[in-house]
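> I have a structure here, written as structure tokens, and I will follow up with some questions on it.
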Amino acid sequence: MNENNNDHVETRIVNETTFELIKNEKWSLCYYFIGCDYYLITLYAVAAVIGVIANIFVIIMICKYRAKSVTNYLMINLAIADLLIVTICIPKMIIDEISISWNYSEFLCKFMSCLQSTLITVSIYTVMVIGIDRCMAIKNPVWSFFILRNVYNYKSIILVITTIWLTLSFYYYFMLYPNTKLEVLKKFIVNKTTEYLEKNHTHSIERKNILSNISQFEYYMTYTCTTNFMSFSSEIHMTFISMDFILTTIIPCFVILLAYVTISFTLWKPPLSCSDREHASSQQSHSLRHNRKQIALKLLVLSVLYVLCWTPYNTISYIYYILRLLNFNLSPKMGQSVFKLGQYFQLFAFGNSILNPVIYIWITRRSR
Numbered sequence: 001m002n003e004n005n006n007d008h009v010e011t012r013i014v015n016e017t018t019f020e021l022i023k024n025e026k027w028s029l030c031y032y033f034i035g036c037d038y039y040l041i042t043l044y045a046v047a048a049v050i051g052v053i054a055n056i057f058v059i060i061m062i063c064k065y066r067a068k069s070v071t072n073y074l075m076i077n078l079a080i081a082d083l084l085i086v087t088i089c090i091p092k093m094i095i096d097e098i099s100i101s102w103n104y105s106e107f108l109c110k111f112m113s114c115l116q117s118t119l120i121t122v123s124i125y126t127v128m129v130i131g132i133d134r135c136m137a138i139k140n141p142v143w144s145f146f147i148l149r150n151v152y153n154y155k156s157i158i159l160v161i162t163t164i165w166l167t168l169s170f171y172y173y174f175m176l177y178p179n180t181k182l183e184v185l186k187k188f189i190v191n192k193t194t195e196y197l198e199k200n201h202t203h204s205i206e207r208k209n210i211l212s213n214i215s216q217f218e219y220y221m222t223y224t225c226t227t228n229f230m231s232f233s234s235e236i237h238m239t240f241i242s243m244d245f246i247l248t249t250i251i252p253c254f255v256i257l258l259a260y261v262t263i264s265f266t267l268w269k270p271p272l273s274c275s276d277r278e279h280a281s282s283q284q285s286h287s288l289r290h291n292r293k294q295i296a297l298k299l300l301v302l303s304v305l306y307v308l309c310w311t312p313y314n315t316i317s318y319i320y321y322i323l324r325l326l327n328f329n330l331s332p333k334m335g336q337s338v339f340k341l342g343q344y345f346q347l348f349a350f351g352n353s354i355l356n357p358v359i360y361i362w363i364t365r366r367s368r
């Protein structure tokens, strides 16, 4: 009887000690497994604060001081999408960086995955539509005015914006929601905990007892939120990855660059015909050419900035998934380097949501 009680007490002590060990060493274990990059976390936090202030300022300024126009509707939509990115996506990235596990429900895991992809792509496509709108207005102002009055009015642009949101929401829901789930990291946790205990807790308690009881705390810090298409064939998986890369990178980058390069060439050309130049003073002509060239340069900077922000992250993500599909195994050191590089590229991409409100207001004021 006493022996049974002693076993029970010993088991209880080991269990409690195991729980306390994992609880107290959560940050240490997290750093040991992946490594918490506090510099990256700080940059994410600063980016979120600046992004919230900048996008709220743009929304207030457009609603309060600007007349209704197609471009302003698009800019408000862009500011809303970017505001949601910096208030939802960036905090999620901070949580992922701090904790090795997903400590919330599977529904929230699925929902956040779909929402993050939708918000990012809505922002990208809104930038693309604004580029098309500005190109129409500057390249063919008379034709654009006719289209604006008869086809491209406020109701139609609201329809365009709604279509963008709904189409992308349904697309990512059907592609990501069924394939995003919580995966158990129990084996990984046990292996790494063994190594950690051998180095740091050799004299505290029996390591064998801790590891034999660690499965009882599987709910604690042993799940990760992942999107996995392995239930499909590799051909279908590769088709989705390639299609997503084309939709979120190739098409928007091509259209945006084409639109803004066209605008820049149009504005760079001499604004006056030969007969007009004869009646215009040299000072007026020089001033007009100078202003048009300034706007052209800013638009070129805008297009290049967008490409620089998003292309690196989308490209490295695409290459990483393709290598996984081809069963190309990176060395642990190389894999960690690629993962860390992808995190900083993602921060750089989210930085576009901070720059968008400032740049578009800046350019729109000058282009008027």
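Numbering (full-length UniProt numbering), first residue to last: 1 to 368.
Virtual Cβ for every residue (Gly too), placed ideally from N, Cα, C.
As the structure is a prediction and not an experimental result, all values here were calculated from the model.
1. For I90, which of N77, A45, V58 and L247 has the nearest alpha-carbon?
2. Would you identify the three-state DSSP class for L83, choosing helix, strand or coil?
3. Could you tell me the boundaries of the beta strand (DSSP E) in which T224 lies?
4. Along the chain, where does the alpha helix (DSSP H) that runs through T126 open and close?
5. Which residues bound the alpha helix (DSSP H) around N55?
6. With DSSP collapsed to three states, give me the class of H8.
7. Can you look up L326 in the DSSP assignment and give me helix, strand or coil?
8. Can you tell me where the alpha helix (DSSP H) with P91 in it begins and where it stops?
9. Any chance the stretch 303-316 sits against the stretch 333-351, with 3 or more Cβ pairs inside 8 Å?
10. Considering only residues of the same chain and omitting the five flanking positions on each side of L325, which have a CB-CB separation below 7 Å?
11. What residue does the alpha helix (DSSP H) around L257 start on, and which one ends it?
12. Less than 8 Å between C-beta atoms, sequence neighbours within five positions excluded: which residues of the same chain meet that for D37?
13. Taking Cβ to Cβ, would you say T121 is nearer than 9 Å to L168?
14. Could you check the C-alpha separation between L318 and T118 for me, to the nearest Å?
15. Would you kindly report the start and end of the unbroken alpha helix (DSSP H) that includes S234?
16. At which residues does the alpha helix (DSSP H) containing W102 begin and terminate?
17. Evaluate Q336 with the Cβ neighbour count: other Cβ atoms within 10 Å of its Cβ, from every protein chain shown; 16 or more gives buried, anything less gives exposed.
18. Which residues mark the beginning and the end of the alpha helix (DSSP H) in which T248 is found?
Result, derived from the coordinates:
1. Counted from its first residue, the sequence shown places residue 90 at position 90. Comparing C-alpha distances from I90 to each of N77, A45, V58 and L247 shows the shortest one belongs to A45.
2. Locating residue 83 in the sequence shown gives position 83, where the first residue counts as 1. Reduced to three states, the DSSP call for L83 is helix.
3. Working through the sequence shown from its first residue, we reach residue 224 at position 224. If you look at T224, you'll find it in the beta strand (DSSP E) that goes Y223 to T227.
4. For the purposes of this step, residue 126 is identified with residue 126 of the sequence shown, where counting begins at 1. Membership of T126 in the alpha helix (DSSP H) is indicated by the continuous run E106 to K139.
5. Position 55 of the sequence shown, counted from the start, is the residue given in the question as residue 55. Unbroken alpha helix (DSSP H) run through N55: Y38 to Y65.
6. Here residue 8 corresponds to residue number 8 of the sequence shown, with the count starting at 1. Caution applies to H8, whose pLDDT of 46 falls short of 50 and renders its modelled position unreliable; the value that the coordinates give is listed next. H8: helix per DSSP, three-state reduction.
7. Indexing the sequence shown from 1 puts residue 326 at position 326. Here L326 sits in coil by DSSP.
8. The residue labelled residue 91 in the question sits at position 91 within the sequence shown. Where P91 is concerned, the enclosing alpha helix (DSSP H) starts and stops at I90 to I98.
9. Result yes; three or more Cβ-Cβ pairs closer than 8 Å.
10. Taking the first residue of the sequence shown as 1, we reach residue 325 at position 325. Result list for L325: S234, H237 and M238, in chain order.
11. Numbered from its first residue, the sequence shown carries residue 257 at position 257. Looking at the DSSP string, the run of the alpha helix (DSSP H) that includes L257 is I251 to W268.
12. Position 37 of the sequence shown, counted from the start, is the residue given in the question as residue 37. Hits under 8 Å: E97, K340 and Q343.
13. Within the sequence shown, the letter at position 121 stands for residue 121. Within the sequence shown, the letter at position 168 stands for residue 168. Using a Cβ distance threshold of 9 Å, T121 and L168 count as a contacting pair.
14. Residue numbering aside, residue 318 sits at position 318 when the sequence shown is read from its first letter. Residue numbering aside, residue 118 sits at position 118 when the sequence shown is read from its first letter. The sequence shown places Tyr at residue 318, rather than the Leu named in the question. Those two C-alpha atoms are separated by around 17 Å.
15. On the sequence shown, position 234 is the one that residue 234 refers to. From DSSP, the alpha helix (DSSP H) with S234 extends over S234 to F245.
16. Locating residue 102 in the sequence shown gives position 102, counting from the first residue. No alpha helix (DSSP H) contains W102, which DSSP labels as neither H nor E.
17. Against the sequence shown, residue 336 aligns to sequence position 336. Q336 is exposed by the Cβ-count criterion.
18. Translated into positions along the sequence shown, residue 248 becomes position 248. Bounds of any alpha helix (DSSP H) do not take in T248, whose DSSP letter is neither H nor E.
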